[in-house]
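Chemist:
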Ligand SMILES: Cc1cc2nc3c(=O)[nH]c(=O)nc-3n(C[C@H](O)[C@H](O)[C@H](O)COP(=O)(O)O)c2cc1C
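In full-length UniProt numbering, the protein residues as written are 1 to 440.
(1) Could you tell me whether the Cβ atoms of residue 59 and residue 12 are closer together than 9 Å?
(2) As a quick exercise: from 439, 369 and 430, pick the residue whose alpha carbon is nearest that of residue 51.
(3) For a test of your reading of the model: does the CB of residue 132 fall under 8 Å from any non-hydrogen atom of ligand 1? Yes or no.
(4) Are the CB atoms of residue 102 and residue 57 nearer to each other than 9 Å?
(5) Report yes if the C-beta distance between residue 171 and residue 221 is below 9 Å; otherwise report no.
(6) Drop a sphere of 10 angstroms on the beta-carbon of residue 400, count the other beta-carbons inside from all chains shown, and report buried for 16 or more, exposed for fewer.
(7) On the DSSP bridge assignment, give the partners of residue 4 in chain order.
(8) Report whether the distance from the Cβ of residue 175 to the nearest heavy atom of ligand 1 is below 8 Å.
(9) Across which residues does DSSP place residue 107 in a beta bridge pair?
(10) At what residues does the beta strand (DSSP E) containing residue 272 begin and finish?
(11) Does DSSP put residue 434 in a helix, a strand or coil?
(12) Enumerate in chain order the residues of its own chain whose CB-to-CB distance from residue 407 is below 8 Å, with the five nearest sequence positions on each side excluded.
(13) Spatial neighbours of residue 428 within its chain, please: CB distance less than 8 Å, with the 5 preceding and 5 following residues excluded, ordered by chain position.
(14) Confirm, please, whether the CB-CB distance from residue 228 to residue 245 is below 9 Å.
(15) What do you reckon, are the CB atoms on residue 97 and residue 44 nearer than 9 Å?
(16) Distance, Cα to Cα, residue 146 vs residue 344?
(17) Taking the beta carbon of residue 48 as the centre, do at least 16 other beta carbons fall within 10 Å, making it buried, or is it exposed?
(18) Quick check on the burial criterion: 16 or more other C-beta atoms within 10 angstroms. Buried or exposed for residue 327?
(19) Kindly list the residues whose CB is nearer than 8 Å to the CB of residue 65, restricted to its own chain and excluding five residues on each side of it in sequence; keep chain order.
(20) Enumerate in chain order the residues of its own chain whose CB-to-CB distance from residue 207 is below 7 Å, with the five nearest sequence positions on each side excluded.
(21) So who's on the other strand from residue 448, going by DSSP bridges?
(22) Quick one: residues in its chain with C-beta nearer than 8 Å to the C-beta of residue 93, no 5 flanking neighbours on either side, listed in chain order?
(23) Between which two residues does the alpha helix (DSSP H) holding residue 92 run?
(24) Could you tell me how far apart the beta carbons of residue 386 and residue 424 are, in whole angstroms, since I believe they sit closer than 8 Å?
(25) Would you check whether ligand 1 has a heavy atom nearer than 8 Å to the C-beta of residue 398?
(26) How about the stretch 370 to 386 and the stretch 288 to 299: do they share at least three Cβ pairs that are nearer than 8 Å?
(27) Under DSSP, the beta strand (DSSP E) around residue 373 begins and ends at which residues?
(28) Please state whether the Cβ-Cβ distance between residue 81 and residue 108 is less than 9 Å.
(29) Between the alpha carbons of residue 315 and residue 262, how many angstroms are there, rounded?
(30) Using the Cα positions of residue 330 and residue 356, report the straight-line distance between them to the nearest angstrom.
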């Protein structure tokens, strides 16, 4: 367990984050925010006021088309569409804050290692070390089709991602600090003799280049990962400094912590670990009101307007299985998939250890993609968060909003002060960079 709880805020640059049809709620401002830099900058400033470690931009770069073999249900309800790019928001949110870290998802099947390094490192340089990268291997068939790629198997994607990261490390490390001269007298900008030009030829990827950015005094961007299948965990242990995870109940979180420790020990024994201890942020979705009844009514109000088709359109994309073919009232089992094995495993078993039906799974995915909700008064929410943090030994939480920005403001104004008063959450930032704060 960490000394203090760490908190990040999940966001998606779309009409909603995880709560489907949140854009249709009268309280929500995100639809207008899609046309407004200041919406995102205000959100960033609210989070910084609440001393959050950072934002985490999840990203699905293309629209799921697995359910009923069509994009129609996704588009009809705004379920995984529109797919606006989070990168510009990283820049403007960093520009409006001083301490807040900003983690952003970029898929290793959606770009090249050179372009990824260039984009993320440029932002990390500009923000003085406040940018992190959630490395995903791109589970979505829609993303592969959008980029004109053929099918890549689940484990093969991770093998390719290992090569991708090897190239990124070389690009990050190829210009040592000492090579930078920037001497106005001689006119020499850098010493080429000290630069190791990358020349990588792998099974999947090639790269011949000088690292595109100046070496940052804050080092490499902070690396996150969220794959939780066997192969995904192996990848995480090799590359991630902090792991994002979703478990739909506390029993699952405890089990996941044990699996992660075992994977960490196995990686260390094979000399493949990155030497970091396992720092896990579990997803949680707070719904805060002045009474528990009002908070529960709010959750119901949000759920009522969500059609089953909207939920199954997203869930089918994540599972890589057309769920329209299944009886919604029969228990689910893990199915063979090339998409997200980790999210499927976290969804199909209830807290009692029994298989859930598709309809039950859909109800946990509607608002929060199976992320457990903490519903109640600010005191109750703080209690449950503290208990979960202590019981599971996790590093902290990655919070999923319902409607925005009000659910984030409610949390920052009403729950954060309680956590701070209890001494379990920071009252001021430890340092300047994302790593300084998240690793403290
Ligand atoms: C908290 C969390 C956030 C994730 N965010 C993204 C994301 O933004 N984009 C994405 O393509 N995959 C995302 N994923 C999926 C995983 O990164 C991973 O690609 C997927 O689970 C398949 O790997 P696995 O079979 O090893 O779990 C996320 C998973 C979790 C648990």
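Glycine is no exception: its CB is placed at the ideal position from the N, C-alpha and C atoms. Quick caveat, the model's predicted, so the values are computed rather than measured.
Modeler: Taking the geometry as given:
(1) yes
(2) When only C-alpha atoms are compared, the closest one is 430.
(3) no
(4) yes
(5) no
(6) buried
(7) For residue 4, which the question treats as bridged, DSSP gives no partner whatsoever.
(8) no
(9) Answer by DSSP bridge pairing, in chain order: 136.
(10) Element bounds for residue 272: n/a, residue is neither H nor E.
(11) helix
(12) 286, 287, 288 and 401
(13) 51
(14) yes
(15) Closer than 9 Å, so yes.
(16) 23 Å
(17) buried
(18) That one is exposed.
(19) 71, 74, 141, 142, 145 and 317
(20) Answer for residue 207: 113, 114, 167, 198 and 200, listed in chain order.
(21) The shown model of the chain, from 1 to 440, leaves out residue 448, and the question about it has no answer.
(22) 40, 41, 43, 44, 55, 100 and 102
(23) Counting along the chain, the alpha helix (DSSP H) containing residue 92 begins and ends at 87 to 95.
(24) 6 Å
(25) yes
(26) yes
(27) 373 to 376 is the extent of the beta strand (DSSP E) around residue 373.
(28) No. Outside cutoff.
(29) For residue 315 and residue 262, the distance between alpha carbons rounds to 29 Å.
(30) Each residue's alpha carbon lies about 8 Å from the other.
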